[in-house]
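Working notes, structure below.
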Amino acid sequence: MVTEPLKLHVPEPGCRPGDEPDFSDFEIPKAGETRKPDLKDDADTMRDMAFSIVRVLTKDGEAVGPWLADLSPDKLKSGLIDMMKMRAFDSRMLAAQRMGKTSFYIQCLGEEAVACAAQTVLQQGDMNFPTYRQSGLLIASGYPMQTMMNQIYSNAADPNKGRQLPTMYSSKEYGFFSISGNLGTQFIQAVGWAMASAISGDTKIATAWIGDGATSVGDFHAAMVFASTYRAPVILNVVNNQWAISTFQGMARGNSATFAARGHGFGIPALRVDGNDYLAVYAVTKWAAERARSGHGPTLIEHVTYRAGGHSTSDDPSSYRAKGESTAWPLGDPIERLKKHLIFLGVWSEKRHTQAKAQVLSEVREAQKAAEAIGTLISGNAPSTRDIFEDVFETMPPNLIRQRKEAGY
Amino acid sequence: MRMTMIEAIQNAHDLAMMQDDKVVVFGEDVGFFGGVFRCTAGLQEKYGKSRCFDAPINELGIVGAAVGMAAYGIKPVVEIQFADYVYPAYDQIVSEAARLRHRSGGDFTCPLVIRMPTGGGIFGGQTHSQSPEALFTHVAGLKTVMPSNPIDAKGLLLAAIEDPDPVIFLEPKRLYNGPFDGHYDKPIVPWKKHDFGDVDTEYYTTPLGKAKLVEEGPDLTIIAYGTMVYVAQAAAKEAELNADIIDLRSLVPLDMETIIASVKKTGRCAIVHEATRTSGFGAELSAVIQENCFYHLETPIRRITGWDTPYPHAQEWDYFPSPERLISDFNKVMED
Numbered sequence: 471m472v473t474e475p476l477k478l479h480v481p482e483p484g485c486r487p488g489d490e491p492d493f494s495d496f497e498i499p500k501a502g503e504t505r506k507p508d509l510k511d512d513a514d515t516m517r518d519m520a521f522s523i524v525r526v527l528t529k530d531g532e533a534v535g536p537w538l539a540d541l542s543p544d545k546l547k548s549g550l551i552d553m554m555k556m557r558a559f560d561s562r563m564l565a566a567q568r569m570g571k572t573s574f575y576i577q578c579l580g581e582e583a584v585a586c587a588a589q590t591v592l593q594q595g596d597m598n599f600p601t602y603r604q605s606g607l608l609i610a611s612g613y614p615m616q617t618m619m620n621q622i623y624s625n626a627a628d629p630n631k632g633r634q635l636p637t638m639y640s641s642k643e644y645g646f647f648s649i650s651g652n653l654g655t656q657f658i659q660a661v662g663w664a665m666a667s668a669i670s671g672d673t674k675i676a677t678a679w680i681g682d683g684a685t686s687v688g689d690f691h692a693a694m695v696f697a698s699t700y701r702a703p704v705i706l707n708v709v710n711n712q713w714a715i716s717t718f719q720g721m722a723r724g725n726s727a728t729f730a731a732r733g734h735g736f737g738i739p740a741l742r743v744d745g746n747d748y749l750a751v752y753a754v755t756k757w758a759a760e761r762a763r764s765g766h767g768p769t770l771i772e773h774v775t776y777r778a779g780g781h782s783t784s785d786d787p788s789s790y791r792a793k794g795e796s797t798a799w800p801l802g803d804p805i806e807r808l809k810k811h812l813i814f815l816g817v818w819s820e821k822r823h824t825q826a827k828a829q830v831l832s833e834v835r836e837a838q839k840a841a842e843a844i845g846t847l848i849s850g851n852a853p854s855t856r857d858i859f860e861d862v863f864e865t866m867p868p869n870l871i872r873q874r875k876e877a878g879y
Numbered sequence: 002m003r004m005t006m007i008e009a010i011q012n013a014h015d016l017a018m019m020q021d022d023k024v025v026v027f028g029e030d031v032g033f034f035g036g037v038f039r040c041t042a043g044l045q046e047k048y049g050k051s052r053c054f055d056a057p058i059n060e061l062g063i064v065g066a067a068v069g070m071a072a073y074g075i076k077p078v079v080e081i082q083f084a085d086y087v088y089p090a091y092d093q094i095v096s097e098a099a100r101l102r103h104r105s106g107g108d109f110t111c112p113l114v115i116r117m118p119t120g121g122g123i124f125g126g127q128t129h130s131q132s133p134e135a136l137f138t139h140v141a142g143l144k145t146v147m148p149s150n151p152i153d154a155k156g157l158l159l160a161a162i163e164d165p166d167p168v169i170f171l172e173p174k175r176l177y178n179g180p181f182d183g184h185y186d187k188p189i190v191p192w193k194k195h196d197f198g199d200v201d202t203e204y205y206t207t208p209l210g211k212a213k214l215v216e217e218g219p220d221l222t223i224i225a226y227g228t229m230v231y232v233a234q235a236a237a238k239e240a241e242l243n244a245d246i247i248d249l250r251s252l253v254p255l256d257m258e259t260i261i262a263s264v265k266k267t268g269r270c271a272i273v274h275e276a277t278r279t280s281g282f283g284a285e286l287s288a289v290i291q292e293n294c295f296y297h298l299e300t301p302i303r304r305i306t307g308w309d310t311p312y313p314h315a316q317e318w319d320y321f322p323s324p325e326r327l328i329s330d331f332n333k334v335m336e337d
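Same order as they appear, the protein sequences are chains A and B. Residues in the first sequence are numbered consecutively from 471, following this note's numbering. Residues in the second sequence are numbered consecutively from 2, following this note's numbering.
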């Protein structure tokens, strides 16, 4: 009889500040190596997909394998520009926050391919239910950058009327559901939206987004149950960027199996994709969208990527991550990888890249100038206090009219 | 036509689904079986499985999916099997359904109805007897409704379904079959033999935010809702008091005009609810009356409520605000 006292197991990441970054136990299949199942295949026949990683781009920038999709050089170039725009936008808005022009900012540095590539698969009328790290969905759908900045600055032209934290955008027109800020809540809502599309005999699909850390919340499991039960036309995206603020991704999955493998118990086809490979994200999302649109139901996609920046402007990752971890990240940088591919194809060059970078920066600066001309959080011209009493209900009830008057409006 | 409250609620669903094919109804045991209380009986058969269906046992999922459906543009009317089970869905109700219109600047809205049987008097113990209305009335962006009879139940439910914002619809389950007045040892008059059971079979709505003066009298004002309306009536009668008895019907929006006019007339007020006292809806009512009728009050406002304990099983009738307790407090309100 063993009588040793029991010990609580608490998972820990492989390295912390002071350690050498170490991804040696991270298994990465070669580009082109992972198979492509048929759209109609049963989840049970593709369980291996949850333990592999779909990759298309090789180290040399060549695109190979069964997941190589029909993306024209022009579409690829436009994808590259989307990602560059996103990065320049993030960098300018981070700086603006540091200058005190707004209270808070969340960037998606290093994860640009995930949202930018996925968005190009979607059609008019489809609906994303994003987290705060999928701003790339808006950028790639051509949403005006200035409007995003108006929201970040909470100025008089903010469509959310100054009510939400910076980056919590909302645009029904661009298929971007209002971001809550509470983690995970949107995952089940996306499933409900997709169910409504099916109930209505519509052809639209929904995409749900959640981070690795938030897969722990009940909403994730509710979404999985409902999606599998009603075979909802929804793409369930887990963006595994390795870190939930200071908590490493192993904490949300008992440091075993994968996030994609969560789909197995629900009978949902699940796969992992190289989230820093624009072509792979595009191909996998397209496959999942076709499954959804043709009545085969949900797909769970784990995007394996890396949060190269802090969680938010209120966070300093150097106090919990090993120095140099982001450069040691073995899947590289999504912009550099797509750039290399375009150069490999002979349709891009270092020179054109430099020109494009300058062009993108000037576009972002122009948008910023226009937004700041309306106002920033500190420069005045904020939405009226009167606005906080609006939109609580469609029609303002008497108690709110009284309180609005009490507040002086 | 004579109907129980259950039949009136079923009839409201039926008419709403007939009139608007965007109305969908789902919840645990709601589809094939027609609900554990039968409030959705026959709807699946009549409207098909995509408009009335069973849900997994997951309240968070039921409400969260309904939020997504409402955002899409259809009209979910969902059932939480007992109000006591709603807590896993609370974040979806508070942070999502109630906030969506405001946080998106009106870009997305969330018109949905969340129905749930509420209250005690059925020997349900702490998991089938709670009255959580104050958890909803405190939330900006929610409307909270509680009918006390079949006629109102149908009209209020149809108004809730028509409403462009989320509505919490609380059904006092002790009233499903007849008006219970707190005398648990006496039989109830079934709705089939009661005036309030005579429900118009046509489509009609009862506006949210309008209280009903069920009795008029000069002695005092008694404010109640749900089951306690009948307990209050019985207690006032036994105490030989001629009271204004107000059935709120809708807690948010609140019909302040009716309350204020009555208390200004009587100068005395008792508030009755089944829910626990501390931070219960009675506290809000008491504050509203104090703010608006202070100089008209002859005696302090009294609250007669459930105790600040979990709802008991064997001791149910010592917890439930009884006619005896009401009479004792009414008499204190009537002191000079």
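The C-beta atom is built at its ideal place from N, Cα and C for all residues, glycine as well.
{"Query": "Cβ neighbours of A:Ala501 in the same chain (closer than 7 Å, five flanking residues each side left out)", "Result": "Arg525, Val526, Leu527, Thr528, Val534, Gly535"}
{"Query": "Contact set between A:Lys642 and chain B, taken where Cβ atoms lie within less than 7 Å", "Result": "Asp108, Phe109"}
{"Query": "Minimum C-alpha distance to A:Thr601 - residue among A:Ala678, A:Lys555, A:Asp689", "Result": "A:Ala678"}
{"Query": "B:Gly65 beta carbon less than 7 Å from that of A:Ala692", "Result": "yes"}
{"Query": "Start and end residues, beta strand (DSSP E) containing B:Ser251", "Result": "251-253"}
{"Query": "Cβ-Cβ distance between B:Leu143 and B:Ile169 below 7 Å", "Result": "yes"}
{"Query": "Reduced DSSP secondary structure (H/G/I, E/B, other) of A:Trp537", "Result": "coil"}
{"Query": "Chain A within 7 Å of B:Ile81, Cβ atoms only", "Result": "no"}
{"Query": "Pick from B:Thr119, B:Phe34, B:Ser96, B:Gly281 that is closest to A:Thr655, judged by C-alpha positions", "Result": "B:Ser96"}
{"Query": "Proximal residues to A:Val687 (C-beta, below 7 Å), its chain only, five neighbours per side dropped", "Result": "Leu653, Gly654"}
{"Query": "CB contact below 7 Å: A:Gln616 versus chain B", "Result": "no"}
{"Query": "CB contact below 7 Å: A:Gly765 versus chain B", "Result": "no"}
{"Query": "Neighbour-count burial assignment, A:Glu836, 16 or more Cβ in a 10 Å radius", "Result": "exposed"}
{"Query": "7 Å Cβ cutoff, A:Val687 in contact with chain B", "Result": "no"}
{"Query": "B:Phe282, enclosing alpha helix (DSSP H) - first and last residue", "Result": "282-294"}
{"Query": "CB contact flag (B:Ile7, B:Tyr205, <7 Å)", "Result": "no"}
{"Query": "Interface residues of chain A facing B:Leu61 [CB-CB closer than 8 Å]", "Result": "Ile658, Gly688, Asp689, Ala692"}
{"Query": "Cβ contact check for the region 247-259 of chain B and the region 204-220 of chain B: 3 or more pairs under 8 Å", "Result": "yes"}
{"Query": "Three-state class that DSSP yields for A:Ser849 in the structure shown", "Result": "coil"}
{"Query": "A:Arg874 at chain B interface by Cβ criterion, 7 Å", "Result": "no"}
{"Query": "Euclidean distance between Cα positions of B:Glu275 and B:Pro322", "Result": "6 Å"}
{"Query": "Within 7 Å, strictly: CB atoms of A:Ser796 and A:Ala778", "Result": "yes"}
{"Query": "A:Trp713 (DSSP reduced to helix, strand or coil)", "Result": "strand"}
{"Query": "B:Met117 - containing alpha helix (DSSP H), residue span", "Result": "Looking at the DSSP string, B:Met117 is not in any alpha helix (DSSP H); the run it does join, the beta strand (DSSP E), is 114-119."}
{"Query": "Proximity test, Cβ basis, 7 Å: A:Ser789 and chain B", "Result": "no"}
{"Query": "CB-CB length for B:Thr300 against B:Ser263, believed under 8 Å", "Result": "With a Cβ gap of about 15 Å, B:Thr300 and B:Ser263 do not count as contacting."}
{"Query": "Simplified DSSP assignment, three categories, for A:Leu509", "Result": "coil"}
{"Query": "A:Pro674 and A:Gly595 closer than 7 Å at C-beta", "Result": "The question names Pro, but residue 674 of chain A is Lys in the sequence shown. Contact flag set, yes."}
{"Query": "Residues that A:Thr461 contacts on chain B, provided the C-beta gap is smaller than 7 Å", "Result": "Chain A is shown only over 471 to 879; residue 461 of chain A falls outside these bounds and no answer can be derived."}
{"Query": "C-alpha distance - B:Ala237 paired with B:Tyr185, whole-angstrom precision", "Result": "17 Å"}
{"Query": "heavy atom of the ligand COA below 6 Å from A:Cys578 C-beta", "Result": "As far as ligands go, the structure on display features none, and thus does not contain the ligand COA."}
{"Query": "For B:Tyr77, the three-state DSSP class (helix, strand or coil)", "Result": "Here residue 77 of chain B turns out to be Pro, not Tyr, going by the sequence shown. If DSSP states are grouped into helix, strand and coil, B:Pro77 belongs with the strands."}
{"Query": "Inter-residue spacing [alpha-carbon to alpha-carbon] between B:Gly156 and B:Ala13", "Result": "8 Å"}
{"Query": "Proximal residues to A:Asp492 (C-beta, below 7 Å), its chain only, five neighbours per side dropped", "Result": "Gly484, Cys485"}
{"Query": "Residue of B:Leu252, B:Gly122, B:Tyr320 minimising C-alpha distance to B:Ile189", "Result": "B:Gly122"}
{"Query": "Strand pairing of B:Pro173, partner residues [DSSP]", "Result": "B:Thr119"}
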